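Everything in the sequence shown is counted per my numbering, starting at 199 for the first residue and increasing by one.
C-beta: ideal position from N, C-alpha, C; glycine also.
Keep in mind it's a predicted model, so treat the numbers as computed, not measured.
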Amino acid sequence: MLVVSVHPANAMIDEIAPPNAPPIGNVTFKVRFRPQKVPFSGQTNWLELTGRGEIEFAADSIYLRGKRNEFFGFGSAANVTFQRHQIVNVVQSGKLLRFDVLTPEQPTVAVQFQTAGEDIARTIAAALPDTVTEAAARTIAEAKDFESRLQSVGSKARVTLALVALNVLVFVFLSIKGAGVFVPDGDVAVRWGSNFGPMTLGGQWWRLLTSMFIHFGIFHLALNMFALYQAGCLVERMYGSAHFLLLYLFAGVSGSVASLLWHPSINSAGASGAIFGVFGGLLVFMLDKRNRVPMSVMATTRNSALAFIGYNLLNGFSHAGIDNAAHLGGLVGGALMGFMLARPLDVAQRRAPLPRLVGASLLGVLLLGSATYVFFPSDGPALQELKFQQALIEFAPKEANALGAYSEIVKRLQAGTLDRAGAAHEIEFSIIPQWDKLYDSLSAAKLA
């Protein structure tokens with residue numbers, strides 16, 4: 199169900215019809231008021247009731263009791279009285295109830311609270327007037343039309359759920375392999391495909407993709423998957439599953455490329471670049487007038503997206519260890535792919551998706567390929583330095599394997615399970631070739 203917050207400032211109190219809901223007598227309900235000042239939304243409410251409180255019905259009067267400006271559990275008590283006929287635009291969704299109150303002295307008051315149960319919310323809603331102002335009716339109709347069009351082109355978000363599941367499975371697998379649940383092991387992440395600059399730029403370009411599914415610890419995973427689920431379920435329905443998957447992958451790889459460009463020697467991983475791209479695609483879709491996203495829906499969703507983007511970028515710029523280059527690269531990549539893939543919410547206009555998908559895929563590959571060719575070294579001192587770093591990184595585990603194999607031969611020789619001739623044969627044909635390869639790899643990786 200789509201719940202719309204309505205603030206019809208142009209309505210007048212004398213336009214409200216008398217209440218037609220039956221009074222429910224003297225009764226008091228325990229409620230929890232929800233704050234009405236939402237960042238970036240412009241919503242205001244001079245009541246500012248928040249936290250635990252009560253709503254009391256007495257004849258034609260309704261009393262609200264709660265706290266104002268609650269801070270760490272403290273606040274000033276507030277008691278407000280309204281007449282039933284002043285209440286308009288009642289919306290009930292589950293345990294949540296909201297309505298507007300028209301007053302001659304103050305701006306329209308928005309009241310929102312949560313009850314102890316859905317049945318209580320229905321009881322309260324039934325006792326309130328069913329008057330709806332013209333502005334609210336128009337907004338609700340637009341929202342219902344948008345939801346209807348969204349349902350007509352697909353109501354499932356299978357790709358989003360599959361991506362969340364895949365990320366979780368990869369995390370569990372790497373945790374078993376020693377990547378760490380709470381404290382990450384960067385070496386294990388590198389071994390399994392994180393975006394480590396020297397290796398990626400050394401020719402292992404597949405890391406641009408695989409790094410999207412690797413996370414540094416469970417908190418990193420949980421935050422990213424929560425954001426992906428919240429945004430992805432809506433954006434996938436807007437674009438369609440195949441188009442959404444292309445947008446997600448392109449944004450993720452774009453973020454990986456941007457990360458390499460900005461920090462060519464760091465070890466990065468995570469789905470945040472792709473998730474930023476999902477939000478970029480969301481903004482592009484809403485701003486496209488062909489998609490007819492109503493202002494009421496756009497305002498709430500747009501503000502949530504901008505708040506997410508702004509907070510994470512600010513947090514990234516103020517804390518070390520957060521790859522904002524990947525965030526910005528993913529955001530731009532998602533917006534660009536969204537511009538190519540966005541289609542109106544109309545079944546007739548979505549019947550032939552393949553040409554658009556193929557065209558956008560080819561253009562995406564061309565753009566990313568051009569970026570890697572133009573911005574990353576293909577020869578010269580910079581590439582030599584990257585190859586040298588890669589050789590040093592690969593040297594340690596290979597050296598450990600060679601030493602381990604040699605130690606095993608010595609143990610077998612001392613235990614009498616291997617004679618001298620057999621030991622010499624294994625050293626000549628198994629151990630020495632490993633050292634030769636190590637020598638060759640370090641010799642080839644020369645600093646200019």
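(message) Which residue marks the beginning of the beta strand (DSSP E) containing R554, and which one marks its end?
(response) Your numbering for residue 554 matches position 356 in the sequence shown. Element bounds for R554: not the beta strand (DSSP E) but the alpha helix (DSSP H), 552-573.
(request) Assess, as a yes-or-no matter, whether the segment 279-299 is touched by the segment 325-339 under the definition of 3 or more beta carbon pairs within less than 8 Å. (result) yes
(message) What residue range does the alpha helix (DSSP H) around I253 cover?
(response) As a position in the sequence shown, residue 253 is number 55, starting the count at 1. Note, I253: premise wrong, no alpha helix (DSSP H); beta strand (DSSP E) at 247-256.
(message) Contact between the segment 461-476 and the segment 519-534 is defined here as three or more beta-carbon pairs at a separation below 8 Å; is this criterion met?
(response) yes
(request) Please report the residue range of the alpha helix (DSSP H) in which L504 lies. (result) For the purposes of this step, residue 504 is taken as residue 306 along the sequence shown, with counting starting at 1. L504 -> alpha helix (DSSP H) spans 493-516.
(request) Could you please give the first and the last residue of the uninterrupted alpha helix (DSSP H) stretch that includes S373? (result) The residue labelled residue 373 in the question sits at position 175 within the sequence shown. Segment 356-374, the alpha helix (DSSP H) holding S373.
(request) Scan the segment 413-478 and note each continuous alpha helix (DSSP H) run of 4 residues or more that stays entirely inside, going in chain order. (result) 416-437, 439-460
(message) Using the three-state DSSP reduction, which class does D521 fall into: helix, strand or coil?
(response) Within the sequence shown, the letter at position 323 stands for residue 521. D521 falls in the coil class under three-state DSSP.
(request) Write down the C-beta distance between A323 and L295 rounded to the nearest angstrom, noting that I regard them as a contact closer than 8 Å. (result) As a first step, residue 323 must be located in the sequence shown, where it is residue number 125. As a first step, residue 295 must be located in the sequence shown, where it is residue number 97. Sure, about 6 Å apart at Cβ, within 8 Å.
(request) Name the residue from G479, L512, L399 whose alpha carbon lies nearest to the alpha carbon of E434. (result) Locating residue 434 in the sequence shown gives position 236, where the first residue counts as 1. Here the closest residue by C-alpha is G479.
(request) Pick helix, strand or coil for F380, following the three-state DSSP scheme. (result) Position 182 of the sequence shown, counting from 1, holds the residue named residue 380. In this structure, F380 counts as coil in the three-state DSSP scheme.
(message) Which of the three DSSP states is assigned to S259 in this structure?
(response) Your numbering for residue 259 matches position 61 in the sequence shown. Three-state DSSP puts S259 in a strand.
(message) Please report the straight-line C-alpha distance between I629 and E592, rounded to a whole angstrom.
(response) Residue mapping note: residue 629 aligns to position 431 of the sequence shown, counting from 1. Residue mapping note: residue 592 aligns to position 394 of the sequence shown, counting from 1. Roughly 17 Å separates the two Cα atoms.
(request) In angstroms with no decimal places, state the Cα-to-Cα distance between G395 and H461. (result) For the purposes of this step, residue 395 is identified with residue 197 of the sequence shown, where counting begins at 1. For the purposes of this step, residue 461 is identified with residue 263 of the sequence shown, where counting begins at 1. Taking the straight line joining both Cα atoms gives about 8 Å.
(request) Just the C-alpha distance for T337 and A497, rounded to the nearest angstrom, thanks. (result) The residue labelled residue 337 in the question sits at position 139 within the sequence shown. The residue labelled residue 497 in the question sits at position 299 within the sequence shown. Cα-Cα distance, rounded: 12 Å.
(request) Assign K265 to one of two classes, buried (16 or more other C-beta atoms within 10 Å of its C-beta) or exposed (fewer than that). (result) Looking up residue 265 in the sequence shown gives position 67. The residue is buried, with at least 16 neighbouring Cβ atoms inside 10 Å.
(message) Please state the DSSP three-state secondary structure of V307.
(response) The residue you call residue 307 lines up with position 109 of the sequence shown. V307 falls in the strand class under three-state DSSP.
(request) Would you please state the rounded distance, in angstroms, between the beta carbons of V362 and Y437? I believe it to be under 8 Å. (result) Here residue 362 corresponds to residue number 164 of the sequence shown, with the count starting at 1. Here residue 437 corresponds to residue number 239 of the sequence shown, with the count starting at 1. Going by Cβ atoms, the distance from V362 to Y437 rounds to 17 Å, so no, they are not a contact pair.
(message) Less than 8 Å between C-beta atoms, sequence neighbours within five positions excluded: which residues of the same chain meet that for I318?
(response) Position 120 of the sequence shown, counted from the start, is the residue given in the question as residue 318. Residues F227, K293 of the same chain have their beta carbon placed closer than 8 Å to that of I318, with the five preceding and five following residues left out of the count.
(message) Per DSSP, what are the beta-bridge partners of A333 in this structure?
(response) For this step, residue 333 is matched to residue 135 along the sequence shown. Note: A333 sits in no beta bridge, so no partner.
(request) Return the CA-CA distance between N422 and G376, expressed in angstroms with no decimal places. (result) Taking the first residue of the sequence shown as 1, we reach residue 422 at position 224. Taking the first residue of the sequence shown as 1, we reach residue 376 at position 178. Rounded to whole angstroms, N422 to G376 spans 21 Å at the Cα level.
(message) Judging by CA-CA distance, which residue of S457, V482, R490 is the nearest neighbour of G471?
(response) Sequence index remark: in the sequence shown, residue 471 carries index 273 (1-based). Nearest option by C-alpha distance: S457.
(request) Would you decide whether R618 is buried or exposed? Buried here means 16 or more other CB atoms lie within 10 Å of its CB. (result) Taking the first residue of the sequence shown as 1, we reach residue 618 at position 420. Answer is exposed; the Cβ neighbour count stays below 16.
(message) So, with DSSP's three-state summary, where would you put R541?
(response) Working through the sequence shown from its first residue, we reach residue 541 at position 343. The answer is coil: DSSP assigns R541 none of H, G, I, E or B.
(request) Please name the residue, chosen from S350, T306, L601, A569, that lies closest to E246 on a Cα-to-Cα basis. (result) On the sequence shown, residue 246 is found 48 positions in, with the first residue counted as 1. For E246, the nearest C-alpha among the options comes from T306.
(message) Along the chain, where does the beta strand (DSSP E) containing R618 start, and where does it finish?
(response) In the sequence shown, counting from the first residue as 1, residue 618 sits at position 420. Segment 618-624 is the alpha helix (DSSP H) holding R618; no beta strand (DSSP E) there.
(message) Please state the DSSP three-state secondary structure of Q349.
(response) Here residue 349 is taken as the residue at index 151 of the sequence shown, counted from 1. Three-state DSSP puts Q349 in a helix.
(request) Identify, in the order they occur along the chain, each residue of the same chain with its Cβ nearer than 6 Å to the Cβ of V225, setting aside the five sequence neighbours on each side. (result) Position 27 of the sequence shown, counting from 1, holds the residue named residue 225. Excluding positions up to five away in sequence, the list reads F255.
(request) Kindly indicate which three-state DSSP category D634 falls into: helix, strand or coil? (result) Taking the first residue of the sequence shown as 1, we reach residue 634 at position 436. Here D634 sits in helix by DSSP.
(request) Return the first residue and the last residue of the beta strand (DSSP E) that R296 is part of. (result) Taking the first residue of the sequence shown as position 1, residue 296 is located at position 98. First-last of the beta strand (DSSP E) with R296: 294-299.
(message) Using 8 Å as the cut-off, can you tell me whether the segment 538-553 makes contact with the segment 481-497, which would need three or more C-beta pairs spanning the two stretches below that distance?
(response) Segments in contact, yes.
(request) Would you identify the three-state DSSP class for A324, choosing helix, strand or coil? (result) Working through the sequence shown from its first residue, we reach residue 324 at position 126. Helix.
(request) Would you mind sorting P382 into buried or exposed? The rule is 16 or more other CB atoms within 10 Å of its CB. (result) Locating residue 382 in the sequence shown gives position 184, counting from the first residue. Buried, since its Cβ has 16 or more Cβ neighbours within 10 Å.
(request) Measure the CB-CB distance between N465 and V388 and report whether it falls below 7 Å. (result) As a position in the sequence shown, residue 465 is number 267, starting the count at 1. As a position in the sequence shown, residue 388 is number 190, starting the count at 1. Against a cut-off of 7 Å, the Cβ pair of V388 and N465 comes out as a contact.
(request) Could you have a look at A387 and say whether DSSP puts it in helix, strand or coil? (result) As a first step, residue 387 must be located in the sequence shown, where it is residue number 189. DSSP places A387 in helix when its eight states are reduced to three.
(request) Ignore the nearest five residues each way along the sequence and tell me which others in G562's own chain have a CB closer than 6 Å to its CB. (result) Here residue 562 refers to the residue found at position 364 when the sequence shown is read from its first residue. For G562, where only same-chain residues beyond five positions count, the Cβ hits under 6 Å are F448.
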